[in-house]
Structures are given as structure tokens and as C-alpha cells.
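Enquirer: Read in order, the letters of the sequence shown correspond to residues 6 to 680 in the working numbering. From the three backbone atoms N, C-alpha and C, an ideal C-beta is built for every residue, glycine too.
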Amino acid sequence: MFVVFHVDLHKNRIVLEKPDFSVKIEALVTEQISGSDLPPSNLKAEIVQKYLEGFQLADSCSKGKVAVLIDADYYHSIVLGGIKHLKGQLVATETIFGWCLIGRDSDVRDVSVSLNIIIEEDLISGLIKKFWELESLGIVENEFSDPTNDSVLQKFESEIEYKNSRYRVKLPWKSDKKYILSDNKKVAERRFEKLRRREVVRNDRSSSKFRVVFDASSHDVGEASLNDCLHIGPNLYPDIFDLLLRFRLYPIAFTADIKQAFLQIEVNEKDRDVSRFLFTDDPTDWSKSPQIYRFTRVLFGVNSSPFMLAATIKHHLRKYQGIYPETSEFLNNCIYVDDIIEGHQNTEDVYRTSTECTHIFREAGMTLHKWQTNSEELQTLWVKEDMVSGDSSHFVQPSDLPFKVLGVSWNKREDSLYFVVQNLVTFLSGRVNSRRCPLQAIGRIFDPVGFLGPFVLRVKLLMQEIWKLSLDWDDDLPECLSLAWNKWCNEVPGLGELSISRYFFSNMFDVGITEIELHCFSDASQKAYATVAYLRILFNDERIRTVFVASKTRVAPLKKLTLPRLELMGALLSARLSYRIIKALNLNLVCRFWTDSQITLFWIKGTANKFKPFIKNRTEEIVQLASSEDWYFCPGKSNPSDLDSRGVGVFELRDNPVWFQGPEWLELTSEYWPM
């Protein structure tokens with residue numbers, strides 16, 4: 006007989022500390038993990054005396070409640086790597102708390118104990134349901150990083166070498182885990198056999214349609230993988246959202262790619278044996294035994310490779326701070342893995358920067374290629390000067406064909422950003438009206454600045470309705486949801502008609518700018534809350550231009566909130582978005598915030614301590630990010646965030662200039678504003 010429990014959970018962060026170690030974990034907190042106690046150890050005393058004398062055990066092995074259940078994601082942050090094989094299947098593993106016993110002695114008696122909670126949803130369903138709730142609560146939690154990041158970076162800097170015009174690095178091993186790697190050749194042979202039956206082809210790539218990816222997470226049963234034994238390292242890359250906003254700041258934009266970036270960095274001789282792989286010279290003759298090779302370079306597929314690439318580049322750039330100060334500074338802030346994304350005010354500055362970039366990376370043994378720009382003059386200059394060895398592959402696409410910048414399509418001739426729908430349309434053409442398909446569709450929409458927000462919200466709302474029904478992944482959707490799902494799918498091809506100008510200031514920058522303002526609008530419905538931001542640019546000739554910057558939408562939590570509280574959540578989202586935009590653009594912006602909720606304005610402009618905790622916590626954060634004096638009322642009919650909080654069809658979005666430019670009165674002088 007199964008008993009169904011409804012478990013109330015909340016999210017928290019806890020720190021597991023010992024004198025020399027500290028591990029922070031993110032946990033779900035509930036009143037009870039298990040209905041049963043952990044039984045006392047039934048390990049025979051002679052085994053403890055024979056094998057474990059002098060070892061400090063992590064647990065007293067006495068009966069007790071389960072206090073913390075640690076997710077497997079944190080397992081390798083706790084395990085130090087020492088292993089001692091005892092008797093039978095019994096193994097002692099060294100952890101930060103002491104030695105833990107895993108497995109069983111063949112002589113011990115069986116003990117039956119229940120350690121599970123049976124719940125209604127399967128694991129995936131429950132986690133995704135929790136995701137909707139946690140995403141919508143609106144409280145910012147301070148991000149924490151791996152406490153080992155600083156030491157990992159310092160060790161990397163002390164060990165990096167420059168030899169024969171190329172950098173050589175050591176893998177960032179966790180403690181002594183390098184020495185616990187077992188032989189996984191049998192696993193590699195099984196996977197090698199499967200390669201002749203299946204390969205991955207990327208038809209959307211202009212080059213490298215076949216990509217070799219080495220799986221450093223591969224391991225035999227019960228053994229550690231290479232990725233388990235390596236620190237991922239700190240994230241040294243700028244945020245994609247910030248890069249895309251800065252990409253819209255300048256009239257002349259350009260991008261470049263570091264050719265085979267990972268493979269330009271050598272791995273220290275002592276670390277090369279862990280990158281052995283099987284290879285055949287003749288893929289048509291599988292009767293021959295494969296040969297064994299090893300890589301001498303940093304690999305795509307190793308979890309620490311992005312860190313090693315970024316740390317190497319930043320180390321190299323420090324050499325050029327005195328020679329090319331402007332270029333080295335801009336490179337520090339505009340590289341995402343192997344992509345360079347930036348712009349300048351004129352062709353001359355871009356050309357100078359691009360030639361300096363080429364020289365800087367050449368000295369690191371790296372080649373820049375696939376140069377792209379919206380300026381035909383600049384592209385002609387690049388070809389004329391042969392700065393990329395005259396290889397036509399460096400200019401792989403005419404300016405009227407799509408080119409992706411960090412996943413967002415860029416039409417260089419029109420200098421606009423848009424969404425390529427073909428892959429999504431192809432996927433949806435074979436869709437099944439089940440719970441699984443809408444989630445897969447959402448995963449195929451990459452919209453980091455929220456340009457498609459009102460349309461994407463509809464499928465997010467659909468997903469929330471599906472969660473409420475607790476359907477299995479492949480169950481058919483009920484008719485009402487199936488109709489909504491198919492209607493959304495049929496509108497997807499229309500996304501190809503939506504675009505926004507890449508350059509914030511259009512072609513009027515030469516006129517001169519008097520002032521730049523940031524206007525953020527927020528709104529809420531019973532289903533969602535949202536914010537959308539615009540730049541309002543005042544030119545010297547008194548013309549005014551308004552342009553879409555970004556939007557964010559959140560589905561309302563499953564636990565019903567009143568509409569005023571949801572409006573406050575929208576205002577909080579607005580304040581957070583403005584903070585991110587100001588930080589990314591680094592402009593002297595005058596900020597104004599608009600809401601059509603008078604009670605939200607009352608809360609923001611009031612005394613936070615007088616309100617209940619829900620209101621108090623959110624208003625305090627709002628006024629920390631945005632002064633209460635900068636908040637104003639606007640009528641709901643002219644609030645563009647209304648579209649983002651209720652969801653609209655693709656054609657309504659396409660034909661609505663308010664979404665792309667803000668309300669009409671925003672292009673007028675302030676005496677016409679509804680303040």
C-alpha cells in the first residue's frame with residue numbers, strides 16, 4: 006500500500022564546515038526527510054579493529070534521525086579522494102567529515118528500513134513545479150561561488166607557462182583525485198563501436214558541421230570520471246545579457262572568432278595521459294583494432310576547459326596593458342569563450358582595434374577569423390589589407406544572410422536583430438500533443454533580452470496549466486490545452502517577421518545627444534507579472550527617439566497572490582532590470598519607472614517598516630535599486646508591459662508599435678506625460 010504525502014518545502018542555503026573545509030549547498034528544507042531512523046551499524050567489531058584502526062569515522066554509527074540529505078551534485082565537493090578497500094564489497098571513502106563506509110560486508114545480517122517519501126509527482130515533474138514557484142517569488146538570493154575558486158585561479162596563474170609561442174597549462178585537479186582515476190578503456194571501446202552507427206551533424210553551421218566532442222564525464226560503474234576530479238574553476242566571462250546590450254551601443258559593430266580556441270593551449274606533459282582516446286584511420290573498415298592516442302591540448306568536453314581558456318587569455322592580455330591599453334581593456338570585457346563582440350563609433354577605430362586584436366592573439370599562438378561587421382567599408386578594408394591571410398572562409402557570409410551573435414541572429418545589411426524560426430518550425434512539424442513537447446519547444450527559444458516575451462509567455466502559461474494536471478510526460482493534453490498549444494504552434498512561423506534595430510541610436514548619432522533616459526514599465530495580471538525597458542534619447546536638434554532595450558516576464562506562483570502583490574512583484578522586477586541595464590551600458594542614464602498600480606506606488610513611496618513582511622521586503626529592495634522619487638503612474642492603456650504580463654499572439658505583437666518603441670507620449674516632451 007502506498008501512502009501519498011503532500012510535503013511543504015522552502016529553499017535555503019546551508020554551510021557544511023570543518024576547520025579546513027567549507028562547502029555551501031543549496032537545499033530544500035522540510036520538517037521531515039525520512040519517517041524512519043537510520044539504524045545502528047551492524048558492522049562486526051573485528052572488521053573495525055582490523056581495517057579501520059586509527060581512522061576517524063565521519064559518523065558514530067549510532068541510531069539517529071536523518072538531518073541532511075546531500076544531493077549528488079555536491080558529492081565531489083565533500084569527497085576528498087582517499088579510498089580504502091576493506092572486506093567484500095565494503096569500501097572506506099575519505100570525506101571532509103572523516104571516513105565513510107560504503108557497501109556491505111558479506112557476513113552482515115539484512116536490515117530492512119524505509120528511507121523514502123512517496124509523493125504524487127515523479128521527480129522531474131516535482132522539480133519543474135518547484136521551479137515555477139521559486140522563479141516567481143521575487144526575492145533575490147545572494148549568489149555564492151565555490152570557496153575554492155580563488156585558490157584554483159591563484160594556482161593556475163602560478164603554473165601557466167609560455168613556451169614556443171604558445172601557452173602551457175596544468176589541469177586544475179581536486180586535491181589528489183588525479184590518482185583515483187581508474188582504467189575506463191572498456192567503456193571507451195563500447196562507445197567507439199557505436200560511433201559507426203550514429204554521428205551528430207550540425208546543418209545550421211557554416212563550418213564544422215561534424216564536431217568531435219570528447220566526453221570527460223564518461224566513467225565505469227562506481228568509478229570517478231575525469232570531470233569529477235577537476236575543479237570547474239571560476240566563471241571569468243561577462244554575462245551574455247550584458248554583452249548583447251553593449252553590442253547595440255555603437256554604429257559600427259564587429260565580431261570575430263578565435264579559431265579552435267581550446268586547441269591552441271597546450272596541456273602540461275604530466276597531465277596528458279588522462280586525455281587518451283581511440284581512433285581509426287579508416288572508418289570504412291571496422292575489422293581493424295583502433296589505435297590509442299592522447300591529446301596534448303585543452304579539450305572541448307572537459308569541464309574546466311572554459312575556465313582554462315579564459316584564464317589564459319586574461320593572463321596574456323595583461324602583457325599588453327601598456328602597449329595597447331584600450332584594446333586590451335576592451336578585450337577583457339567583450340570575449341565570451343571564443344567569441345569577440347564589440348563596436349566603435351567609426352571605421353578607423355574598429356580597423357585599428359581589429360589589427361591590434363589580431364597581433365595580440367597571434368602572440369598567444371591563436372588566430373582570429375570569421376570577422377563580421379555591418380560596415381561594408383570596413384569589410385572591404387579587411388580584405389584589402391589581407392589581415393586574415395586572404396582566406397575567404399574568414400568572410401563566410403554575405404551581409405544579407407543570417408549570422409548569429411551569442412545565439413541571436415544579426416542581419417548585417419539591415420543591421421537588425423531577429424529570431425530564426427526554421428529549427429523550431431521543423432521541430433513543431435512533428436510535434437505530439439503531450440506534456441513533453443511544449444517544454445522541448447521552450448528550450449528551443451533563445452531570447453536573453455526578452456524581445457519575444459509576450460509571445461513566449463503564452464507557452465509558459467500553458468506549461469503551468471499542464472503541471473497542475475499532474476500528467477505523465479507522454480499523456481495526451483486535454484482538448485482545451487491542446488487547442489491553445491496548437492494555436493501557439495501555428496503562429497510560430499510569424500516570429501520570423503519580428504526584428505529590432507541593433508543600434509540604439511539609429512543613424513542620428515552624428516547630430517549629438519543631449520540626454521539619455523531609461524524608462525522601465527511594469528504590470529501584472531493574475532497569470533504573470535512583467536517589466537519592459539526603453540531608452541529615450543534626446544538629440545541636439547530636439548528630435549526624440551525611443552527604442553526597446555529588454556524585458557523580463559515571470560509566471561505568477563502557483564500559490565495565488567492578490568493582484569496588488571503581483572503588481573509589486575512586477576515593480577521589483579523593473580528595479581532589478583534597470584540595475585542590470587545601467588551596469589551593462591555604463592552610461593549616465595536618467596531613470597524613470599512607471600506602473601499603473603496606485604497601491605504599488607503607495608507602498609514604494611511609503612515607510613517599509615509599517616508594512617507586512619511580504620510588502621516590506623520587496624519595497625526595501627526596490628528603493629535600494631531605484632529611488633522612490635523616480636516612480637510614476639501611467640494609465641494601463643498606455644503601459645507596454647501589459648502585453649508582457651498577459652501574453653499576445655505573434656501578429657498582434659508584430660503590429661503593435663508600443664512594444665517596440667513604448668507609448669506614444671514617451672516621444673513627446675515631459676509636459677505631455679501622464680505624471
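#1: Along the alpha helix (DSSP H) that carries H90, what are the first and last residues, could you check?
#2: Mapping DSSP to helix, strand and coil, what is V8?
#3: Got a sec? Which residues, its chain only, sit under 7 Å from W608 by beta carbon, not counting five neighbours each side?
#4: Rounded to whole angstroms, how far is the Cβ of I549 from the Cβ of L540, which I believe are closer than 8 Å?
#5: Give the secondary structure of E442 by DSSP, where H, G and I count as helix, E and B as strand, and everything else as coil.
#6: Identify the residues that DSSP records as bridge partners of G59: which are they?
#7: Considering only residues of the segment 492-547, which uninterrupted beta strand (DSSP E) runs meet the minimum length of 3 residues and lie entirely inside it, listed in chain order?
#8: Using DSSP with H/G/I as helix, E/B as strand and the rest coil, what is I374?
#9: Kindly indicate the opening and closing residues of the beta strand (DSSP E) around W636.
#10: Helix, strand or coil: how does DSSP classify S163 here?
#11: Reducing DSSP to helix, strand and coil, say where I107 ends up.
#12: When you compare the CB positions of T558 and D649, do they come within less than 8 Å of one another, or not?
#13: Using a Cβ-Cβ cut-off of 7 Å (strictly less than) and excluding sequence neighbours within five positions of K175, which residues of its own chain qualify?
#14: For L568, which residues from the same chain have a beta carbon less than 7 Å from its beta carbon, with the 5 sequence-adjacent residues on both sides left out?
#15: Using 8 Å as the cut-off, can you tell me whether the segment 572-589 makes contact with the segment 239-248, which would need three or more C-beta pairs spanning the two stretches below that distance?
#16: Decide if V516 is buried, meaning its Cβ has at least 16 other Cβ atoms within 10 Å, or exposed.
#17: Quick one: give me the first and last residue of the beta strand (DSSP E) that N416 is part of.
#18: Going straight from the alpha carbon of K564 to that of K473, what length do you get?
#19: Please report the straight-line C-alpha distance between S646 and S222, rounded to a whole angstrom.
#20: Name the two residues that bound the continuous beta strand (DSSP E) containing D344.
#21: Counting along the chain, where does the beta strand (DSSP E) carrying E99 start and finish?
#22: Taking the CB atoms as reference points, tell me whether H90 and D262 lie closer together than 8 Å.
#23: Just list the beta strand (DSSP E) runs in the segment 582-609, keeping only unbroken ones of 3 residues or longer that don't cross its boundaries, in chain order.
#24: Rounded to the nearest angstrom, how far is the Cβ of H236 from that of P177, given a contact under 8 Å?
#25: Could you tell me the distance, in whole angstroms, from the CA atom of E669 to the CA atom of V663?
#26: Using 8 Å as the Cβ pair cut-off and three pairs as the minimum, do the segment 439-456 and the segment 289-297 touch?
#27: Roughly how many angstroms lie between the CA atoms of E522 and T363, to the nearest whole one?
#28: Just grab the DSSP bridge partners of R559 for me.
#29: According to DSSP, simplified to helix, strand and coil, what is G652?
#30: What are the boundary residues of the beta strand (DSSP E) that I263 is part of?
#31: Give the DSSP-derived three-state secondary structure of Y677 in the structure shown.
#32: Which residues does DSSP pair with D481 in a beta bridge?
#33: Check whether the Cβ atoms of D251 and L462 lie closer than 8 Å to each other.
#34: Candidates A72, D76, F60: which alpha carbon is nearest C105's?
#35: From V145 to L578, what does the alpha carbon distance come to, in whole angstroms?
#36: Within a Cβ cutoff of 8 Å, which residues of the same chain sit near D660, ignoring the five residues on either side of it in sequence?
Expert: By the coordinates alone:
#1: Looking at the DSSP string, H90 is not in any alpha helix (DSSP H); the run it does join, the beta strand (DSSP E), is 84-90.
#2: With a pLDDT of 39 at V8, under the threshold of 50, the predicted position of this residue should be treated as unreliable, and no value is reported.
#3: So the qualifying residues of the chain are L573, F616, I620, T624.
#4: About 11 Å separates the two Cβ atoms, so there is no contact after all.
#5: It should be noted that the sequence gives Cys, not Glu, for residue 442. Residue state, collapsed to three classes: helix.
#6: G59 pairs with nothing; no bridge assigned.
#7: DSSP runs (the beta strand (DSSP E)) wholly in the segment 492-547: 504-506, 518-529, 533-544.
#8: Checking the sequence, you will find His at residue 374 rather than Ile. Strand at H374.
#9: The continuous beta strand (DSSP E) containing W636 extends over residues 636-638.
#10: helix
#11: strand
#12: yes
#13: E164, N273, D276
#14: A529, Q531
#15: yes
#16: exposed
#17: 413-416
#18: 11 Å
#19: Distance between the alpha carbons of S646 and S222 is about 44 Å.
#20: 344-349
#21: 96-100
#22: no
#23: 595-600
#24: 4 Å
#25: 7 Å
#26: no
#27: Between the C-alpha atoms of E522 and T363 there is a straight-line separation of about 36 Å.
#28: Y534
#29: coil
#30: 257-263
#31: helix
#32: S439
#33: In the sequence under discussion, the amino acid at residue 251 is Arg, which differs from the Asp named in the question. Going by C-beta atoms, R251 is not nearer than 8 Å to L462.
#34: Selected option, being the one with the closest Cα: F60.
#35: Its pLDDT being 45, under 50, V145 is placed unreliably by the model, and nothing is read from it.
#36: none
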